[in-house]
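Structure, as structure tokens:
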Amino acid sequence: MAGGVKPHELIQLCELLDARFGGKIIGTGTDANAKHRNFYSKALAAYVLIQEAGASEQEAIQASIDGGQDHGIDSVYVDATQTVWLVQSKYKDSGIGEVELAEVSKFVDGVKDLAKQKYERFNEHLQAKTVALSFAFDSGVAKVKAVLAYTGGALGDDKKRLMSDLEAALNQPADPYFLSFLNRGLASFHRIQLDEHLPAPITAEITLENYGHIDEPYLCYFGSITGTQLKSLKDQYGEKLFDANIRHFQGNTVVNQDISETIKNNPEHFFYFNNGVTFICDAIRPIGARDETRSSGKFRVENLSVINGAQTVSSLTIDLDEKSEEPDIKVLATLIALDADLEEFGSKITRFRNNQNTVSDIDFAALDENQIQWAQTLQQSGVFYRYKSGDLDQEDFDVETAAKALACWVSDSDCNLIVQAKKDAKKLFSRVAGEELHGSTYHCLFKDSLQARQLWRIVQIHLLIRESLKSDARQSTGVDKDINANSLMLLSHIVYLKLKQYIEHNELKLSLAHSNIVCTTAQSIAQTIITEYKKVNWGKSPASVFKNASDLKILKGAVMAALADA
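Sequence positions in the sequence shown follow our numbering and run 677 to 1242.
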């Protein structure tokens, strides 16, 4: 990351800490920068206690013992379960790197002293907490959670070893979990912050008729569910019901028209014509009256999500007439209970169940955890990224636009990705559903190292170039018009090569100054592309040239040489 550029995740975290603790926590230090860092360190410790220990805001703030003779411990809090929370907090303004070994060693020594109840070694702020600490340690059920909170990257093995050595020394056979160290870096805080904005998981009561179940290897119930129940679920929970599905509602497609026609004209045949709905959940619990014939059963389903059948549920919501005197529509329902650690298996269920219908490879990008996190991170800053196909109430860009922009951004000396983005961008996702994702074109574009802010700035530049080219195409004629109409991917690629420094920046949105530079640069390079194109007798149309990697490589070389000589 360029010097002076902070991770966007750190900027978002600081905004949260400012909003929550500004005026309530006072930073101390010899100058403004020191006070600034001290405030964020204290606020970070308080945030940890609220999120991890369940402390109130006031309790979290009052837990601070930061100052002289704190022995590397910034906050101390005893919760209702007699768990002693000890926090060392380090705010790193760069958002990268890790805590120094000496700081971790000091923290470990401080934890050791508190476990020995050597309170006299600590400052007056700790002395006010000794009664609560002694009561916890004498309770027979005490646990110590030592949290290293910092705004940096992964912690090195040498630091982890110091912590694990003390855990091994203090944890005894009769109390093997007395002490545990928890490391919370910037990535952890970002995940916590995103989770705060997520709606609560869906817990719903569902009635199945003529049901059966399979117990191994995963609990699964299946039977018929009424259309009215599915409509009610969608009305109550909206798009949240489809969080684990790979697509939003697709609208007025041929398939959805067929579903609607069956609902309206042949409701009694719906069960036979429709593929049904598949749910995944954390748990399925039978409730209410039990029927030995299993003709009807009621179940409480926790953390429920549709993974296949979003089109069916949405069509029922639109077209089902609840006031009709006809018998309710029946739909085949499958509910699969997965443990929390079975996310990979859940993704496979989603992938294979959706392979039974017409689903594009691009849809499987929705199973990528990175896509979810990029979308959530950007949404927190007011930018809406649609990584699932279908409609959203708000949208700034979608995953196909992102793929096109990234195909132009990444290193591509042979111009293969640029050509693919021009010919058929959906093929950039061609191996996303395969087992070897890390060797795919998709992963070449959507790298694990890609950051949400970086993605959005790359896309913004691409969109500016696209609009600039559209304007040029409207004003040009003849072959110039055809070149402008087909050169977007090559032009974007060359602009990125020239303006790489504008990708890494603290601002999420391109400034007006940066936007003007992009547009001016794009217009100049677009004219160079036209000039160099006309110097060659291609023997084919511009549309064909810009879809041929060999031709494009020649043209790119000529344009780059002309720009170097300019």
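Cβ coordinates follow ideal geometry from the N, Cα and C atoms, glycine included. A quick note: this is a predicted structure, and the numbers were derived from the prediction, not measured.
Within 10 angstroms of the beta-carbon of Thr-1207 lie fewer than 16 other beta-carbons, which makes it exposed. Cβ contact annotation for Phe-918 (same chain, cutoff 6 Å, sequence separation greater than five): Val-982 and Ala-986, in chain order.
Three or more beta-carbon pairs separated by less than 8 Å are not found between the stretch 796-807 and the stretch 761-775, which leaves the two stretches without contact. Residue nearest to Ile-890 within the set Ile-1012, Ile-1159 and Lys-1146 is Ile-1012 (criterion: CA-CA distance). Just so you know, the alpha carbons of Glu-978 and Phe-697 end up roughly 34 Å apart. In the assembly as shown, Ala-1242 is an exposed residue. Its beta-carbon has fewer than 16 other beta-carbons within 10 Å. Apart from the 5 residues on each side of it in sequence, Lys-1006 sits with its Cβ closer than 6 Å to the Cβ of Ser-900 and Phe-947 in its chain, given in chain order. In this structure, the alpha-carbon of Gly-1154 lies about 20 Å from that of Asp-1227. If you ignore the 5 residues before and after Ser-908, its C-beta comes within less than 8 Å of no other C-beta in its own chain. Leu-1228 carries a helical assignment under DSSP once its states are collapsed to helix, strand and coil.
Here DSSP, grouped into helix, strand and coil, assigns Ile-878 to coil. For Tyr-1118, the uninterrupted alpha helix (DSSP H) run begins and ends at 1117-1121, by DSSP.
No Cβ-Cβ contact shorter than 7 Å links Gln-1130 with Leu-1186. For the pair Gln-905 and Lys-1103, the Cα-to-Cα distance works out to about 38 Å. Excluding five sequence positions before and after Ala-736, the CB atoms of its chain that fall closer than 6 Å to its own CB belong to Ala-722, Leu-725 and Ile-726, given in chain order. The beta carbon of Asn-859 is closer than 6 Å to those of Leu-824 and Leu-831 in its chain, skipping five residues each way along the sequence. Annotation: Phe-854 is outside any beta strand (DSSP E) and is labelled neither H nor E by DSSP. DSSP, reduced to helix, strand and coil, places Gly-973 within a strand of the structure shown.
Within the same chain, Ala-1083, Cys-1084, Val-1086, Leu-1104, Thr-1117, Cys-1120 and Leu-1121 come within 8 Å of Leu-1093 by CB-CB distance, once the 5 residues on both sides are set aside. For Trp-1132, the closest alpha carbon among the candidates Arg-1062, Leu-1043 and Leu-1184 is that of Leu-1184. Rounded to the nearest angstrom, the Cβ distance from Ala-1128 to Val-1075 is 13 Å, too far for a contact under 8 Å. Taking the Cα positions, Gly-748 is about 7 Å away from Glu-779.
Cβ-Cβ distances below 7 Å link Ala-1051 to Tyr-1061 and Tyr-1063 in the same chain, with the five nearest sequence neighbours on each side left out; the list follows chain order. Under a 10 Å Cβ-count criterion, Pro-683 is classified as buried, with 16 or more other Cβ atoms of the shown protein chains found around its own Cβ. In its chain, beyond the 5 residues on either side, Ala-729, Ala-812, Ala-818, Lys-819, Val-820 and Lys-821 have a beta carbon closer than 8 Å to the beta carbon of Thr-759. Bounds of the alpha helix (DSSP H) holding Val-1135 are 1128-1151. Taking the Cβ atoms as the reference, Gln-688 lies roughly 42 Å from Gln-848, outside the contact range of under 8 Å. Counting only the Cα atoms, Arg-966 lies some 19 Å from Thr-1010. Residue Cys-690 holds the alpha-carbon nearest to the alpha-carbon of His-866 among Val-1171, Cys-690 and Ser-1163. Asn-799 and Leu-1014 have their C-alpha atoms spaced approximately 49 Å apart. Between the beta-carbon of Ile-960 and that of Phe-975 there is about 5 Å, and that keeps the pair under the 8 Å contact cut. Burial is judged here by how many other beta carbons sit within 10 angstroms of a residue's own beta carbon; Pro-1218 has at least 16 and is buried. The C-beta distance from Asp-1039 to Ser-1065 rounds to 6 Å, short enough to meet the 8 Å contact threshold. Bridge pairing for Pro-962: Phe-975 [DSSP].
Residue environment: Lys-768 is assigned as buried (16 or more neighbouring CB atoms within 10 Å of its CB, all protein chains considered). When DSSP assignments are scanned along the stretch 729-766, the uninterrupted stretches of beta strand (DSSP E) that are 3 or more residues long and fall wholly within it turn out to be 751-754 and 759-766.
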